[in-house]
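Position one of the sequence shown corresponds to residue 233 (our numbering), numbered consecutively onward.
Encoded as C-alpha cells, the structure appears first; notes follow it.
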Amino acid sequence: MPTPKSALLHWYEVHGRHSLPWRNTDDPYKIYLSEIMLQQTQVKTVLERFYFPFLERFPTFADVAEAQLDDVLKMWEGLGYYTRAKNLHQAARQCRGLLPGNAEGLMKLSGIGRSTAHAVAAFAYGEPLPILDANVKRILHRYYALKERNEKKLWECAYRLFDPLHPFEYNQAMMDLGSMVCLHKDPLCDRCPLGEQCMGRNDPLAYPEAKLKAPKPVRRRTIVVYERNGKYALRQRISRFLHGLWGFFETDEAAVKPSRLLGHITQHYSHFTLEADVYRCDEAFDEEGFEWFAPEEIEALSLSRADHKALALLRYNS
Numbered sequence: 233m234p235t236p237k238s239a240l241l242h243w244y245e246v247h248g249r250h251s252l253p254w255r256n257t258d259d260p261y262k263i264y265l266s267e268i269m270l271q272q273t274q275v276k277t278v279l280e281r282f283y284f285p286f287l288e289r290f291p292t293f294a295d296v297a298e299a300q301l302d303d304v305l306k307m308w309e310g311l312g313y314y315t316r317a318k319n320l321h322q323a324a325r326q327c328r329g330l331l332p333g334n335a336e337g338l339m340k341l342s343g344i345g346r347s348t349a350h351a352v353a354a355f356a357y358g359e360p361l362p363i364l365d366a367n368v369k370r371i372l373h374r375y376y377a378l379k380e381r382n383e384k385k386l387w388e389c390a391y392r393l394f395d396p397l398h399p400f401e402y403n404q405a406m407m408d409l410g411s412m413v414c415l416h417k418d419p420l421c422d423r424c425p426l427g428e429q430c431m432g433r434n435d436p437l438a439y440p441e442a443k444l445k446a447p448k449p450v451r452r453r454t455i456v457v458y459e460r461n462g463k464y465a466l467r468q469r470i471s472r473f474l475h476g477l478w479g480f481f482e483t484d485e486a487a488v489k490p491s492r493l494l495g496h497i498t499q500h501y502s503h504f505t506l507e508a509d510v511y512r513c514d515e516a517f518d519e520e521g522f523e524w525f526a527p528e529e530i531e532a533l534s535l536s537r538a539d540h541k542a543l544a545l546l547r548y549n550s
C-alpha cells in the first residue's frame, strides 16, 4: 500500500499543473512574484492579466528596486491588496534587487512571512521546508481532523506530513490538491490521494470550525472632483489602506456645495463596502497635499478602483 507521501506525489505527477510558468523556473524573483500575486488572487487572474505584464515592465528584481513606487503600483493596478506591491518594492530596495538564498534571510524582508519564505526557498533553492498557505491549511485541518484554528499546531502538522526529499513536488502537490480536490465548499474526497488516511474524510466541512462572519460594514463617503483650468486635484494616499495610490478628495460630509452631482459608486473591499456620491466642483481648492493633473496625466497615475469609477463618471458627464 502506498504511503500518503508517495500517493500524493503520484497524483501530482498525473494531475498537477506543471505548465504554470513559475513552476518552470528557478529564478527566485519570478517565484517570489508569483507567490505574492497569488495571495488573495486566483491563478487565472494572475496569469491572464498581471504576471507577464509585470515581468515585461520589471524583468529583474533589481529593476523593481530601481523603480519608483508609483511605477510599481501602476503595474499592480486592478490586482488589489496594494500593500503587497508596496512590500515588494520595499523588499527589493532592502536587498538591492538580490533575494537572499535561504528562508531565514527571506523572512527579514518586508512583507515576506514564514510560508512565503519557505515557498521561495523550496522552489528556487530546494530547501526542505513545508509551506502553509490557505489551501494547505485546509488539507491539514481535514487530514488530522483539527477543528481549532491554531497556527502553531498547523505548522507541526505541516512538518509531520512533509516530504523533505521532494520539497518542490510535495509543496506544489499540496497547493494543487487544495485548489482542485480538497475544495472549500464541495471537496472531492473520492478523488483525493490522501483519502484513505484522512481523519476528516467522513465530515470534511466540519474542519476547521466555521468562522462567525460579521456583516460587512458600509462606509458612506463623498468624493469631490475639483477642477481648475482643465486640471483635476488628486492626492497620493499616505494611510496604510491603499497606500501610494492617487485619489480624489474624500470626505464624510454628505455633500460639498456649490458642486454638481456626477453619480454614485459602490466599491466592495475585503473588510467593508464603500458607498459614495461623486461631485464635481469648480470652486477654489487649496487642501494641503493635492496636486493638479490634466486628464492625460491622470492616465499615468495608479488609482484605486473607486477613484477609477469616479473618473469614469467625470468623463461621462463632461
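Glycine is no exception: its CB is placed at the ideal position from the N, C-alpha and C atoms.
Since the model is a prediction, treat every value here as computed from it, not as a measurement.
Taken in chain order, the complete beta strand (DSSP E) segments of 3 or more residues contained in the stretch 358-425 number zero; there are none.
For the stretch 460-546, the full-length beta strand (DSSP E) segments reaching 3 residues or more read 463-468, 481-483, 492-500, 505-513, 523-525 along the chain.
The distance from the Cβ of residue 356 to that of residue 342 is about 19 Å, inconsistent with a contact at the 8 Å cut-off. Counting C-beta atoms within 10 angstroms of its own C-beta, residue 397 has fewer than 16 neighbours from the protein chains shown and is therefore classed as exposed. With 16 or more other Cβ atoms from the protein chains shown falling within 10 Å of its own Cβ, residue 362 counts as buried. Taking the CA atoms as reference points, residue 350 sits about 22 Å from residue 294. The stretch 401-413 and the stretch 361-376 touch, with three or more beta-carbon pairs separated by less than 8 Å.
Judged by DSSP secondary structure, residue 325 falls within the alpha helix (DSSP H) whose first and last residues are 315-326. Between residue 259 and residue 464, the alpha-carbon positions lie close to 42 Å from each other. When the alpha-carbon of residue 533 is set against those of 468, 393, 316, 314, the nearest one is in 468. Around the CB of residue 251, fewer than 16 other CB atoms lie within 10 Å, so the residue is classed as exposed.
The Cβ atoms of residue 482 and residue 516 do not sit closer than 9 Å to each other.
Taken through DSSP and simplified to helix, strand or coil, residue 346 comes out as helix. Boundaries of the alpha helix (DSSP H) harbouring residue 306: 301-308, taken from the DSSP string. In the DSSP annotation of this structure, the continuous segment of the alpha helix (DSSP H) that includes residue 243 starts and ends at 236-247. Per DSSP, reduced to three states, the secondary structure at residue 439 is coil, with no helix or strand assignment. Cβ contact annotation for residue 272 (same chain, cutoff 6 Å, sequence separation greater than five): 313, in chain order. Rounded to whole angstroms, the gap between the alpha carbons of residue 479 and residue 543 is 10 Å.
In this chain, residue 259 is not harboured by any alpha helix (DSSP H), its DSSP state being neither H nor E. Rounded to whole angstroms, the gap between the alpha carbons of residue 485 and residue 510 is 12 Å. Residue 383 sits exposed, since fewer than 16 C-beta atoms from the chains shown fall within 10 Å of its C-beta.
Assignment of residue 452 by DSSP, reduced to helix, strand and coil, places it in the strand class. Taking C-beta atoms as the reference points, residue 494 and residue 539 fail to come closer than 9 Å. Straight-line spacing of the CA atoms in residue 425 and residue 450 works out to 43 Å. A straight-line Cα-Cα distance of about 10 Å links residue 302 and residue 475. Distances from the CA of residue 435 to each of 401, 394, 456, 373 were compared; the closest alpha carbon is that of 373. Spatial neighbours of residue 266 in its own chain (CB-CB distance under 6 Å, excluding positions within 5 residues in sequence) are listed in chain order as 254. Contact between residue 440 and residue 379 holds, with the beta-carbon distance rounding to 6 Å and staying under 8 Å.
Around the C-beta of residue 235, fewer than 16 other C-beta atoms lie within 10 Å, and the residue is accordingly described as exposed.
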